[in-house]
Amino acid sequence: MSYLFHTDEDRREMLESIGAESIDEIINDQVPEAVRMKRPLDLPPACNELALTAEMTRLAARNASADSHVCFLGGGAYDHFIPAVVDEIASRGEYYTSYTPYQAEVSQGNLQVMFEYETLVTQLTGLGVSNASLYDGGSAATEAVLMALSMQRGRNKVITTDVVHPQYRDILVAYLKNIDAELVVVPSDENGHSNPMIDAIDDQTACVLIQHPNFVGQLESVAEIAAAAKEAGALTIQVFDPVSLGRLKRPGDMGVDIAIAEGQSLGNPLAYGGPYLGIMACRDELVRRLPGRIAGQTTDRRGKRCWVLTLQTREQHIRREKATSNICSNQTLLALRATVHLALLGPEGLKETADHCIAKTAYAKQVIAKSERFEVVGEGPSLKEFVVRDLGADVAGLLAHARDQGLLAGIDMTPMCVGGSEASETAVALPSRYEQCFLVAVTEKRSRVEIDRWANVLCEAPSMATV
Amino acid sequence: MRNQQSTQLLFELSRAGRRAHRLGDLDVPSVNVDDLFATEALAETPPPLPELAEGDVVRHFVCLSTLNMSVDTHFYPLGSCTMKYNPKRNERIASLPGFLNVHPLQHESGLQGLLELLYELQGMFAEISGLPGVSMQPAAGAHGELAALLVAAAYFREQGSERNVVLTADSAHGTNPASAQMAGFKTKTVKSNANGLVDLEDLKAKLDDKTAVFMLTNPNTLGLFDSQIEEINQLVHDAGALIYLDGANMNAILGITRPGDFGADLMHYNPHKTFSGPHGGGGPGAGPICVRDFLAKYLPGPIVTRVENEEATSDDDRYTYHLTSPSGDSIGRVRSFFGNTGVLVRAYIYLRTYGGDGLRHVSEDAVLGANYLLSKVKHFLDVPHGNRCMHEFVASASRLKKEKHLSAMDIAKRILDYGFHAPTVYFPLVVDEAVMVEPTETESKQTLDAFVEALFRITEEGEELIHDAPHSTRISRPDDVTAARRPVLKWTDAAGESTT
Numbered sequence: 001m002s003y004l005f006h007t008d009e010d011r012r013e014m015l016e017s018i019g020a021e022s023i024d025e026i027i028n029d030q031v032p033e034a035v036r037m038k039r040p041l042d043l044p045p046a047c048n049e050l051a052l053t054a055e056m057t058r059l060a061a062r063n064a065s066a067d068s069h070v071c072f073l074g075g076g077a078y079d080h081f082i083p084a085v086v087d088e089i090a091s092r093g094e095y096y097t098s099y100t101p102y103q104a105e106v107s108q109g110n111l112q113v114m115f116e117y118e119t120l121v122t123q124l125t126g127l128g129v130s131n132a133s134l135y136d137g138g139s140a141a142t143e144a145v146l147m148a149l150s151m152q153r154g155r156n157k158v159i160t161t162d163v164v165h166p167q168y169r170d171i172l173v174a175y176l177k178n179i180d181a182e183l184v185v186v187p188s189d190e191n192g193h194s195n196p197m198i199d200a201i202d203d204q205t206a207c208v209l210i211q212h213p214n215f216v217g218q219l220e221s222v223a224e225i226a227a228a229a230k231e232a233g234a235l236t237i238q239v240f241d242p243v244s245l246g247r248l249k250r251p252g253d254m255g256v257d258i259a260i261a262e263g264q265s266l267g268n269p270l271a272y273g274g275p276y277l278g279i280m281a282c283r284d285e286l287v288r289r290l291p292g293r294i295a296g297q298t299t300d301r302r303g304k305r306c307w308v309l310t311l312q313t314r315e316q317h318i319r320r321e322k323a324t325s326n327i328c329s330n331q332t333l334l335a336l337r338a339t340v341h342l343a344l345l346g347p348e349g350l351k352e353t354a355d356h357c358i359a360k361t362a363y364a365k366q367v368i369a370k371s372e373r374f375e376v377v378g379e380g381p382s383l384k385e386f387v388v389r390d391l392g393a394d395v396a397g398l399l400a401h402a403r404d405q406g407l408l409a410g411i412d413m414t415p416m417c418v419g420g421s422e423a424s425e426t427a428v429a430l431p432s433r434y435e436q437c438f439l440v441a442v443t444e445k446r447s448r449v450e451i452d453r454w455a456n457v458l459c460e461a462p463s464m465a466t467v
Numbered sequence: 468m469r470n471q472q473s474t475q476l477l478f479e480l481s482r483a484g485r486r487a488h489r490l491g492d493l494d495v496p497s498v499n500v501d502d503l504f505a506t507e508a509l510a511e512t513p514p515p516l517p518e519l520a521e522g523d524v525v526r527h528f529v530c531l532s533t534l535n536m537s538v539d540t541h542f543y544p545l546g547s548c549t550m551k552y553n554p555k556r557n558e559r560i561a562s563l564p565g566f567l568n569v570h571p572l573q574h575e576s577g578l579q580g581l582l583e584l585l586y587e588l589q590g591m592f593a594e595i596s597g598l599p600g601v602s603m604q605p606a607a608g609a610h611g612e613l614a615a616l617l618v619a620a621a622y623f624r625e626q627g628s629e630r631n632v633v634l635t636a637d638s639a640h641g642t643n644p645a646s647a648q649m650a651g652f653k654t655k656t657v658k659s660n661a662n663g664l665v666d667l668e669d670l671k672a673k674l675d676d677k678t679a680v681f682m683l684t685n686p687n688t689l690g691l692f693d694s695q696i697e698e699i700n701q702l703v704h705d706a707g708a709l710i711y712l713d714g715a716n717m718n719a720i721l722g723i724t725r726p727g728d729f730g731a732d733l734m735h736y737n738p739h740k741t742f743s744g745p746h747g748g749g750g751p752g753a754g755p756i757c758v759r760d761f762l763a764k765y766l767p768g769p770i771v772t773r774v775e776n777e778e779a780t781s782d783d784d785r786y787t788y789h790l791t792s793p794s795g796d797s798i799g800r801v802r803s804f805f806g807n808t809g810v811l812v813r814a815y816i817y818l819r820t821y822g823g824d825g826l827r828h829v830s831e832d833a834v835l836g837a838n839y840l841l842s843k844v845k846h847f848l849d850v851p852h853g854n855r856c857m858h859e860f861v862a863s864a865s866r867l868k869k870e871k872h873l874s875a876m877d878i879a880k881r882i883l884d885y886g887f888h889a890p891t892v893y894f895p896l897v898v899d900e901a902v903m904v905e906p907t908e909t910e911s912k913q914t915l916d917a918f919v920e921a922l923f924r925i926t927e928e929g930e931e932l933i934h935d936a937p938h939s940t941r942i943s944r945p946d947d948v949t950a951a952r953r954p955v956l957k958w959t960d961a962a963g964e965s966t967t
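Protein chains in written order, with the working numbering: chain L, 1 to 467; chain H, 468 to 967.
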């Protein structure tokens, strides 16, 4: 019994104090006979640490990881470098085995980290306030939409475009289905830009949701879209990439009202999609609608500066059905990782990371475009992500060939062009122009040698069709 | 022995020109970013982040860590949020590159080990709950509540039913009504009776043809298993509604009873409570949900399926595992990518460590510990509901409040001085001056005795000593009111100057 304490003697003494003959007696007193299990749980037998470690190591070794393969995958999760300090700090038990800081006196470490995280997010986004994190980028995007809808009573239209992350749109469809809201997904133009959404904004529009750089790696005219939304009385929500802000203008400086991001890029491992970190910041005026936990500064009874969870009256444990959101646990440990990561990078480190991504992505584009088989899709410059069309029309075979050579060479976009579940098919599909295309991400971690090998392997792959 | 430097903010430690992380020279041709991008897209300067050396960063965060209580350093007798030992092997194994550095959009051919694990885990969750349909996508318990309620809404929509009300118990976690509201339902509260169980008359009065779901926590937040469960089951199902089980307290009933067997149609788990995933200062957790077979087609996805490989030559290729996207009936997604995989991997390791019999022992010892504490505490604090409990119990400080002007909060603050985390206070709302205690199965009798001793001594101590507690912590009794009235939610030069 691996983590249990009691000796037979302990158990006997404890039962004596309780005045019970056995633990079963207590349980039988509580749980009616008719609903008690009459057989043991059918689970694999207990396994000791030695055997389990060996088995788990075997299972782990059967997966292609960004360690065993060279990773050019993105689509909202990126193989960025994580400095050793991040892992070292986050693996301290005082952080990862602590609880939600309801008792501020014994949680000043976590509370200060949350306050620092919030400050860093406001510095990063150029917006006034930040919460202390949400589940992930996708659900944060939807929380932002719900927040905007609750601000904009009487307006129920949500406008987005088909180059916002398809999975984020899928979440939006699921959440909005049962409430009074209409989701309008405006097709992007042939270059993958969302400008056409401007014409769809009307006096019923509560908010517009854009992504910049968007899912296909293109930059959007954020300021223009935000200005049009503001003119019509609608709020602008932007999905941003934290690393991009080493170079690109901040959401707050472009007129955006709510900015959300997937924070995985800031010191968090790929971990097959989670746990991830939902970043959210907004203009000051929206603070009382901001979902999730917020740490604030105050003083203690001796006048010393300290930190507490604050504005909790918005939250479920006080407001119950009137709460602004049902968010309960959050991603503090991942917010800690992001805080340490940003502290290590600083402004120049963030800029340098963005510059390396930009240069390596430009190089990768250039080498792949040399092959007649491939065409880079979309005209604009890229930060770290771009789309490649396989004129041989065999993306699945191409990527399988690359995997055999130890490369995770790109994400097949063809299945994403036909949408998700039936109910949400049109709302979540990518434009059909991305069929037989794959999405490539080049982070600062990719070396020239790796990029060259990637291009060579792709160019030499057998093709089903003749080019 | 703490100098001011250790608690200064990152922004106050910052010195222009310091730098911790450097990438060095590019190995590809550099590009002129200003030429490549349009001027209106580019920022003139990078964001004004603090500038620090690596040593600054390490010392800062290590010093801050020592200001936290944690399970690794302290006993957390915290009701309603199980704080049990977090096994180190789980952390180590979950950090193997084959689990940690796997991209969520990579092809399933390179995921067979992980998918096998996740498939097995889906099966374990189904077995423990007695509910066959499983989705592991939700990222937290409350997220699971929402996802399950969206599933219920999809089910009723397909039935052509106009059921739009969710009933929640007055002792339920506040997430229940908040989740119901987010899923588009109206909520009504069902009262508790004098025994702390569901008031059946009130339930009957509120059940009608508009009721979609009754959300039940069982064992409930008073630590009591509702002995009327069979009748509740009958009433709710006869009314054509579904029963949702808040799985927050599953650690009390593992292998003893199953939600599916006692009537639940949908439920969520909190792996970070029940299956020892660490809480990380508030998260991450995960919120996998289980449902009856007729609800499975509405689950969010993807889920993992397997196909037997008839030409297999070894155990490794006996099955092929696939990620199956939701069907047309599914609610779609509630989160990007698969889910909080890292938390699920830890749950899997925990379940494999114990096996079925071991899991029952976990619940037995959790129940033993709680009843032992109850048997001791009731000598000096009132315990309004019951002589026996499951995994936790709720005492009341209302008598102390009358006699000595000591509140539940005062006790909570003073217990910190004794080196214990405080119990949960003021929840559930149905108990006046509630002090909610949950020891879990991973604490020794010696620890429990020391905790009871400390609690008893506090009830004997002078009022002044307790009102000013805690005395041993770096700060004491922060001003929450000012924090909320005049929120300071980020560092600025001005905020720093005005308060230091």
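We put the beta carbon where it would ideally sit given N, CA and C, even for glycine.
These numbers were taken from a predicted model, which means no experiment stands behind them.
Report back the beta-carbon spacing between residue i and residue j to the nearest angstrom; my notes put them in contact at under 8 angstroms.
i: Gly853 of chain H; j: Ala715 of chain H; result: The pair is not a contact, with the Cβ atoms about 19 angstroms apart (cut-off 8 angstroms).
i: Leu333 of chain L; j: Tyr96 of chain L; result: 6 angstroms
i: Arg941 of chain H; j: Leu534 of chain H; result: 6 angstroms
i: Pro895 of chain H; j: Ala889 of chain H; result: Contact doesn't hold; Cβ gap of about 16 angstroms is too wide.
i: Val801 of chain H; j: Gln604 of chain H; result: 6 angstroms
i: Gly154 of chain L; j: Ser803 of chain H; result: Wrong, their Cβ atoms sit about 31 angstroms apart, outside the cutoff.
Does chain H have any CB closer than 7 angstroms to the CB of residue i?
i: Ser2 of chain L; result: yes
i: Pro347 of chain L; result: yes
i: Pro462 of chain L; result: no
I want to verify the contact list: residues of chain H whose CB lies under 8 angstroms from the CB of residue i, in sequence order.
i: His193 of chain L; result: The premise fails here: His193 of chain L is roughly 12 angstroms from chain H at the closest Cβ pair, so nothing lies under 8 angstroms.
i: Gln112 of chain L; result: Thr474, Leu476, Leu531, Leu534
May I ask whether a heavy atom of the ligand HEM can be found less than 6 angstroms away from the beta carbon of residue i?
i: Ile710 of chain H; result: Of ligands this structure carries none, so the ligand HEM is not represented either.
Going by DSSP, what residues sit across from residue i in a beta bridge?
i: Arg155 of chain L; result: BP columns for Arg155 of chain L are empty, so no partner.
i: Lys655 of chain H; result: H:Leu634
i: Ile411 of chain L; result: L:Leu439
i: Arg773 of chain H; result: H:Tyr788
i: Ala305 of chain L; result: Residue identity check: residue 305 of chain L is Arg in the sequence provided, not Ala. L:Thr299.
i: Ile258 of chain L; result: L:Ile237, L:Cys282
Would you say residue i faces chain L, with C-beta separation under 7 angstroms as the test?
i: Thr741 of chain H; result: no
i: Ala487 of chain H; result: yes
i: His746 of chain H; result: yes
i: Ser602 of chain H; result: no
i: Thr966 of chain H; result: Unreliable placement is indicated for Thr966 of chain H, whose pLDDT of 38 sits below 50; no coordinate value is reported for it.
i: Ala609 of chain H; result: yes
i: Asn716 of chain H; result: no
i: Thr780 of chain H; result: no
i: Phe528 of chain H; result: yes
i: Trp958 of chain H; result: yes
i: Gly707 of chain H; result: no
By the criterion of Cβ-Cβ separation under 8 angstroms, what are the contact partners of residue i in chain L?
i: Gln701 of chain H; result: Near Gln701 of chain H there are no residues of chain L at all, since even the closest Cβ is about 12 angstroms away, more than 8 angstroms.
i: Ile595 of chain H; result: Leu41, Leu43
i: Glu612 of chain H; result: Asn326
List, in order along the chain, the chain L residues whose C-beta lies closer than 9 angstroms to that of residue i?
i: Lys437 of chain H; result: For chain H, the structure presents residues 468 to 967; residue 437 of chain H sits outside this window and is missing.
i: Phe566 of chain H; result: Met56, Leu59, Ala60, Asn63, Ser65, Ala271, Tyr272
Is residue i close to chain A? Criterion is C-beta to C-beta, closer than 7 angstroms.
i: Met413 of chain L; result: No chain A is present in this structure, whose protein chains are L and H.
Note down, in chain order, every chain H residue with its Cβ under 9 angstroms from the Cβ of residue i.
i: Cys71 of chain L; result: Asn568, His570, Gln573
For a contact meaning CB atoms closer than 7 angstroms, what does residue i contact in chain H?
i: Met14 of chain L; result: Leu835, Tyr839, Lys912
Residues in the segment 250-280 of chain L with C-beta within 8 angstroms of chain H's C-beta atoms, listed in sequence order? Arg250, Asp253, Glu262, Pro269, Leu270, Ala271, Tyr272, Gly273, Gly274, Pro275, Tyr276
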